[in-house]
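J.: The structure's right below; bear with me while I get my questions together.
There are 2 protein chains.
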Amino acid sequence: MRRVTIKDVAKAAGVSLGTASRVINANTSVDPAIRRKVQDAIAALRYQPDAVAQSMRRRSTRTIGAIVRDITVPALASFVQAAQQALHDEGYALLIACSGDRRDHELELLRLLSQRRMDGVIMTTAAEDDAELAAVRAALPMPVVMLDRTPPGAFDALLLDHREGMRQAVEHLLRLGHRRIALITGATGVHPARARVQGFRDAHAAAGVAIDPTCLRTGSFTDQSGFLEASALLGRPDPPTAIVAGGIDMLSGVLRAIQARGFAVPRDISVIGSADTDLAMLASPPVTVVRWDYAELGRAGARLLIDRLSGGAALPPRQILFPTEFISRGSCAPPSRQHC
Amino acid sequence: MRRVTIKDVAKAAGVSLGTASRVINANTSVDPAIRRKVQDAIAALRYQPDAVAQSMRRRSTRTIGAIVRDITVPALASFVQAAQQALHDEGYALLIACSGDRRDHELELLRLLSQRRMDGVIMTTAAEDDAELAAVRAALPMPVVMLDRTPPGAFDALLLDHREGMRQAVEHLLRLGHRRIALITGATGVHPARARVQGFRDAHAAAGVAIDPTCLRTGSFTDQSGFLEASALLGRPDPPTAIVAGGIDMLSGVLRAIQARGFAVPRDISVIGSADTDLAMLASPPVTVVRWDYAELGRAGARLLIDRLSGGAALPPRQILFPTEFISRGSCAPPSRQHC
DNA sequence: TAGGGTCAATGAAACGTTTCCGGAAGAGGC
DNA sequence: GCCTCTTCCGGAAACGTTTCATTGACCCTA
Numbered sequence: 000m001r002r003v004t005i006k007d008v009a010k011a012a013g014v015s016l017g018t019a020s021r022v023i024n025a026n027t028s029v030d031p032a033i034r035r036k037v038q039d040a041i042a043a044l045r046y047q048p049d050a051v052a053q054s055m056r057r058r059s060t061r062t063i064g065a066i067v068r069d070i071t072v073p074a075l076a077s078f079v080q081a082a083q084q085a086l087h088d089e090g091y092a093l094l095i096a097c098s099g100d101r102r103d104h105e106l107e108l109l110r111l112l113s114q115r116r117m118d119g120v121i122m123t124t125a126a127e128d129d130a131e132l133a134a135v136r137a138a139l140p141m142p143v144v145m146l147d148r149t150p151p152g153a154f155d156a157l158l159l160d161h162r163e164g165m166r167q168a169v170e171h172l173l174r175l176g177h178r179r180i181a182l183i184t185g186a187t188g189v190h191p192a193r194a195r196v197q198g199f200r201d202a203h204a205a206a207g208v209a210i211d212p213t214c215l216r217t218g219s220f221t222d223q224s225g226f227l228e229a230s231a232l233l234g235r236p237d238p239p240t241a242i243v244a245g246g247i248d249m250l251s252g253v254l255r256a257i258q259a260r261g262f263a264v265p266r267d268i269s270v271i272g273s274a275d276t277d278l279a280m281l282a283s284p285p286v287t288v289v290r291w292d293y294a295e296l297g298r299a300g301a302r303l304l305i306d307r308l309s310g311g312a313a314l315p316p317r318q319i320l321f322p323t324e325f326i327s328r329g330s331c332a333p334p335s336r337q338h339c
Numbered sequence: 000m001r002r003v004t005i006k007d008v009a010k011a012a013g014v015s016l017g018t019a020s021r022v023i024n025a026n027t028s029v030d031p032a033i034r035r036k037v038q039d040a041i042a043a044l045r046y047q048p049d050a051v052a053q054s055m056r057r058r059s060t061r062t063i064g065a066i067v068r069d070i071t072v073p074a075l076a077s078f079v080q081a082a083q084q085a086l087h088d089e090g091y092a093l094l095i096a097c098s099g100d101r102r103d104h105e106l107e108l109l110r111l112l113s114q115r116r117m118d119g120v121i122m123t124t125a126a127e128d129d130a131e132l133a134a135v136r137a138a139l140p141m142p143v144v145m146l147d148r149t150p151p152g153a154f155d156a157l158l159l160d161h162r163e164g165m166r167q168a169v170e171h172l173l174r175l176g177h178r179r180i181a182l183i184t185g186a187t188g189v190h191p192a193r194a195r196v197q198g199f200r201d202a203h204a205a206a207g208v209a210i211d212p213t214c215l216r217t218g219s220f221t222d223q224s225g226f227l228e229a230s231a232l233l234g235r236p237d238p239p240t241a242i243v244a245g246g247i248d249m250l251s252g253v254l255r256a257i258q259a260r261g262f263a264v265p266r267d268i269s270v271i272g273s274a275d276t277d278l279a280m281l282a283s284p285p286v287t288v289v290r291w292d293y294a295e296l297g298r299a300g301a302r303l304l305i306d307r308l309s310g311g312a313a314l315p316p317r318q319i320l321f322p323t324e325f326i327s328r329g330s331c332a333p334p335s336r337q338h339c
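Chains R and U, in that order, give the protein sequences.
Counting from 1, position 115 in the first sequence corresponds to residue 114 in numbering that gives the first Met the number 0; the numbering is continuous, with no gaps.
Counting from 1, position 306 in the second sequence corresponds to residue 305 in numbering that gives the first Met the number 0; the numbering is continuous, with no gaps.
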């Protein structure tokens with residue numbers, strides 16, 4: 000059973016290929032009677048245009064590629080879902096790929112997306128300044144929207160104000176009396192880690208409190224890293240009295256480490272997370288977080304891409320900064336005396 | 000700057016198109032010297048085959064479509080991620096689409112995936128017996144793997160043994176002395192809800208305990224539904240002494256309802272969840288769950304599809320039943336007297 | 001040496017669209 | 001009644017591959 004093509008439609012309607020195509024794409028004028036006949040043929044044959052052939056001819060796949068660290072992270076999943084929905088509404092589909100924040104995976108995926116002729120790409124990157132990554136990104140023939148990254152070069156970007164969020168979080172802890180605050184975040188080769196470290200410093204500087212450099216842990220953004228760093232911190236003779244998890248999926252690791260050590264939150268240690276989740280809301284006590292709307296980010300990313308794809312190819316790059324919000328819940332308290 | 004095509008490669012190497020194609024696809028024999036020349040040309044020009052043109056000609060996109068209820072649900076995200084990884088290893092990409100468990104969304108997405116000539120589809124469905132959905136599914140020209148669904152017709156399927164999992168969970172509660180146990184799950188038009196209800200009945204029957212039909216809530220699988228049903232149950236004069244959340248993202252809703260009512264787990268009410276999550280593990284007390292390996296499911300789904308796509312088109316449909324595991328944690332206790 | 005058989009390379013067709021170009025037919029103005 | 005303009009349709013080219021049928025060269029055998 001052969002697939003029914005536009006040729007079949009044309010034959011059934013007794014018109015030429017070109018005419019059939021014209022009524023399908025409803026752009027130019029065609030005689031109403033003939034249009035009618037073609038539409039009837041389409042309906043009768045259940046004709047569906049072949050998207051691959053259309054892509055071939057139009058040189059556009061109407062598909063966007065997304066490279067994301069790990070779609071298992073709820074925040075990233077909502078981002079992807081929102082982007083997918085917004086893109087869908089505009090007739091675009093979303094191809095997803097997970098890099099695991101690994102440089103070589105990322106390289107391979109970029110190659111893949113370009114070979115598959117994506118119309119656009121939404122991505123994070125494992126390292127903003129890696130030369131090879133930068134070269135490949137720059138050589139990409141389609142528009143790219145960066146998610147919470149600011150690599151050198153002219154890219155549209157969705158940025159979060161982690162700096163201010165972190166500043167508020169640390170300010171809150173300092174006000175409570177904490178003087179040994181730890182920050183666990185990712186490598187400073189990327190915007191969110193850098194911005195958080197800045198906010199961390201900002202708050203300390205404003206309060207005139209010195210930072211213990213060994214309490215500043217910049218490794219990787221994973222849950223596992225959250226667990227390891229927190230375990231190490233808590234195992235020291237002079238553990239911090241508060242830990243800020245500066246990564247969207249690090250909170251669970253930090254909490255596990257705390258649980259494993261038998262520490263109580265917030266009596267023995269105060270905790271602040273980044274990005275809101277079921278876990279943060281329903282833990283007991285509920286966890287204070289710096290949060291933002293990831294779904295809005297997804298929609299904005301789609302918007303950015305669609306703008307570029309519908310005529311705005313030469314627009315200057317736009318970087319949108321999204322606010323973060325400090326939500327105080329029950330996981331912070333003044334430090335207990337024995338730890339001071 | 001035109002894209003470099005195989006024609007450019009052929010010209011640069013001084014051979015014909017066909018020859019260039021043959022060395023790229025390395026299938027038939029070609030003179031070593033010529034092969035060398037072509038490979039040099041490819042490297043020099045940085046030629047990348049155009050996947051769209053290849054799809055066009057080969058009649059295969061090497062792309063799989065996934066229709067999933069909501070990728071924000073961690074269990075589904077790990078499924079998707081595992082499937083994507085396994086497919087990627089075989090040279091397939093994954094196009095994702097979220098149906099929100101809405102019948103008409105699902106219909107539209109199926110149309111979309113067929114129009115885009117996906118090589119295969121992995122999907123759930125909002126209703127197994129809906130006539131129109133069934134017709135569209137059956138008319139799909141590519142292999143389909145069902146995720147935890149058993150619609151009529153011959154489909155490969157990944158099934159979970161929710162029945163046995165639920166039986167064990169309820170047995171556990173009955174042993175603890177509970178006599179009013181509520182089950183909140185999705186509509187019985189789909190396998191997981193049906194299987195859970197069966198397991199629920201199995202356990203009661205085995206213990207000779209009667210079921211209060213008003214404690215059997217089959218609505219929809221969402222978090223929100225978990226909240227609403229649990230709120231309603233807890234607001235009754237004779238609330239159940241235990242609630243089983245029979246859906247992968249219902250636990251948070253149920254816990255929120257309990258929290259809102261001011262009930263304590265497990266003193267006032269025992270809780271069991273379905274599918275393991277950070278939330279279940281890190282809540283206090285940690286929540287007893289029926290769990291399984293969603294990533295393994297994803298890999299198996301990819302396997303099923305790849306088998307069919309590489310020669311096994313005529314294989315009889317395979318339905319794989321995956322075990323569930325009952326994990327007892329701290330959220331269940333004997334019912335307190337005042338509720339009995 | 002003629003003829004059959006192999007091997008490798010060429011050229012062309014095909015995949016299913018869209019779009020451009022030319023031409024036919026009809027309408028309208030003088 | 002003729003010329004021009006407009007409208008609409010048909011035919012064909014093009015998008016970038018893969019693959020099929022041909023062809024040409026060469027070797028081996030009778």
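Here a beta-carbon is modelled for each residue, glycine too, at the ideal position from N, C-alpha and C.
Taking Cβ-Cβ distances shorter than 7 angstroms, what residues in chain R pair up with L278 (chain U)?
T.: Those within 7 angstroms of L278 (chain U) in chain R are D277, L278, L281.
J.: For a cutoff of 8 angstroms on Cβ pairs, would you count S273 (chain R) as touching chain U?
T.: Cβ-Cβ to chain U under 8 angstroms: no for S273 (chain R).
J.: Within 8 angstroms of any Cβ in chain U, is that where the Cβ of P71 (chain R) sits?
T.: Checking the sequence, you will find Thr at residue 71 (chain R) rather than Pro. Yes - at least one Cβ of chain U is within 8 angstroms of the one on T71 (chain R).
J.: For F325 (chain U), report the span of its beta strand (DSSP E) as first-last.
T.: Taken as a continuous stretch (DSSP letters only), the beta strand (DSSP E) holding F325 (chain U) covers 324 to 326.
J.: Run through chain U and tell me which residues come within less than 9 angstroms of L93 (chain R), C-beta to C-beta.
T.: Going along chain U in sequence order, the residues near L93 (chain R) (Cβ under 9 angstroms) are L94, I95, A96.
J.: So for I268 (chain U), helix, strand or coil by DSSP?
T.: Of the three classes helix, strand and coil, the one that applies to I268 (chain U) here is coil, per DSSP.
J.: On the DSSP bridge list, what partners appear for L158 (chain R)?
T.: According to DSSP, L158 (chain R) bridges with R:L320.
J.: Chain U partners of R116 (chain R), CB-CB under 8 angstroms?
T.: By Cβ distance, chain U contributes D49, A50, V51.
J.: When the distance is taken between beta carbons, is T217 (chain R) closer than 8 angstroms to R196 (chain R)?
T.: A quick correction: the sequence has Val, not Arg, at residue 196 (chain R). Yes, the Cβ-Cβ distance between V196 (chain R) and T217 (chain R) is below 8 angstroms.
J.: 8 angstroms is my cut-off, CB to CB: does R195 (chain U) come that close to chain R?
T.: Judged by the 8 angstroms Cβ criterion, R195 (chain U) is not in contact with chain R.
J.: Between R255 (chain R) and the rest of its own chain, which residues show a CB-CB distance below 6 angstroms, the 5 nearest in sequence each way excluded?
T.: Cβ neighbours of R255 (chain R) beyond the five flanking positions: F226.
J.: Near V208 (chain R), what residues of its chain come up, given a Cβ to Cβ distance below 8 angstroms and the 5 sequence neighbours on each side ignored?
T.: Closer than 8 angstroms at Cβ, skipping near neighbours: L173, R178.
J.: For C331 (chain U), which of helix, strand or coil comes out of DSSP?
T.: Three-state DSSP puts C331 (chain U) in coil, outside helix and strand.
J.: Is there a C-beta anywhere in chain U that falls below 8 angstroms from the one on R255 (chain R)?
T.: Yes, R255 (chain R) lies at the interface with chain U (some Cβ there is under 8 angstroms from its Cβ).
J.: What is the residue span of the alpha helix (DSSP H) that I70 (chain U) lies within?
T.: No alpha helix (DSSP H) holds I70 (chain U); DSSP gives it neither H nor E.
J.: Would you mind reading off the limits of the alpha helix (DSSP H) that contains A241 (chain U)?
T.: No alpha helix (DSSP H) holds A241 (chain U); the beta strand (DSSP E) holding it covers 241 to 245.
J.: Using a Cβ-Cβ cut-off of 7 angstroms (strictly less than) and excluding sequence neighbours within five positions of D147 (chain U), which residues of its own chain qualify?
T.: Around D147 (chain U): T123, L157, L158, L159, H190, P191.
J.: Per DSSP, what are the beta-bridge partners of G218 (chain R) in this structure?
T.: Per DSSP, R:G185.
J.: Kindly indicate the opening and closing residues of the alpha helix (DSSP H) around R102 (chain R).
T.: Its alpha helix (DSSP H) spans residues 102 to 114.
J.: Per DSSP, I121 (chain U) is paired with what?
T.: I121 (chain U) pairs with U:A65, U:V144.
J.: Whose CA, out of U:P239, U:A206, U:G185, U:Q114, lies closest to the CA of T221 (chain U)?
T.: The option with the nearest alpha carbon to T221 (chain U) is U:G185.
J.: Quick test of your reading: V51 (chain R) and V120 (chain U), contact by CB under 8 angstroms. State the CB separation rounded to the nearest angstrom.
T.: With 8 angstroms as the limit, V51 (chain R) and V120 (chain U) do not qualify as a contact, their Cβ atoms being about 16 angstroms apart.
J.: Just the chain R side, please: which residues come within less than 7 angstroms of A76 (chain U) by C-beta, in chain order?
T.: Near A76 (chain U) (Cβ distances below 7 angstroms), the residues of chain R are I70, T71, A76.
J.: For S77 (chain R), does the count of other Cβ atoms within 10 angstroms reach 16, so buried, or fall short, so exposed?
T.: Classification for S77 (chain R): buried.
J.: Kindly indicate which residue of U:T60, U:A299, U:L232 has the alpha-carbon position closest to the one of R115 (chain U).
T.: The residue with the shortest Cα to Cα distance from R115 (chain U) is U:T60.
J.: Since I believe L132 (chain U) is in contact with E107 (chain U) (beta carbons under 8 angstroms), could you give me their beta-carbon distance rounded to a whole number of angstroms?
T.: E107 (chain U) to L132 (chain U), Cβ: 11 angstroms. No contact.
J.: Per DSSP, I95 (chain U) forms a beta bridge with which residues?
T.: Note: I95 (chain U) sits in a beta bridge opposite R:L93, U:A65.
J.: So the beta strand (DSSP E) R290 (chain R) belongs to, where does it begin and stop?
T.: R290 (chain R) -> beta strand (DSSP E) spans 287 to 290.
J.: Which of helix, strand or coil does DSSP assign to I180 (chain R)?
T.: Note: I180 (chain R) maps to strand in three-state DSSP.
J.: How long is the line joining the alpha carbons of S327 (chain R) and R302 (chain U), rounded to whole angstroms?
T.: Taking the straight line joining both Cα atoms gives about 46 angstroms.
J.: Let me know the secondary structure DSSP gives S77 (chain R) once reduced to three states.
T.: Note: S77 (chain R) maps to helix in three-state DSSP.
J.: Kindly list the residues whose CB is nearer than 7 angstroms to the CB of M141 (chain U), restricted to its own chain and excluding five residues on each side of it in sequence; keep chain order.
T.: If we look at M141 (chain U) and ignore the five residues flanking it on each side, its Cβ neighbours are M117, D118, G119, V120.
J.: So V264 (chain R) and A229 (chain R) are in contact, right, with Cβ under 8 angstroms, and what is the actual spacing, rounded?
T.: 12 angstroms between Cβ atoms; not a contact.
J.: S15 (chain R) versus chain U: which residues are under 7 angstroms apart at the beta carbon?
T.: Those do not exist, as S15 (chain R) stays about 22 angstroms from chain U at its closest Cβ, beyond 7 angstroms.
J.: Between the region 69 to 83 of chain R and the region 287 to 297 of chain R, do three or more beta carbon pairs fall short of 8 angstroms?
T.: Yes, the region 69 to 83 of chain R is in contact with the region 287 to 297 of chain R.
J.: Output yes if chain R places a C-beta closer than 8 angstroms to the C-beta of V22 (chain U); else output no.
T.: Chain R, which has no Cβ nearer than 8 angstroms to the Cβ of V22 (chain U), makes this no.
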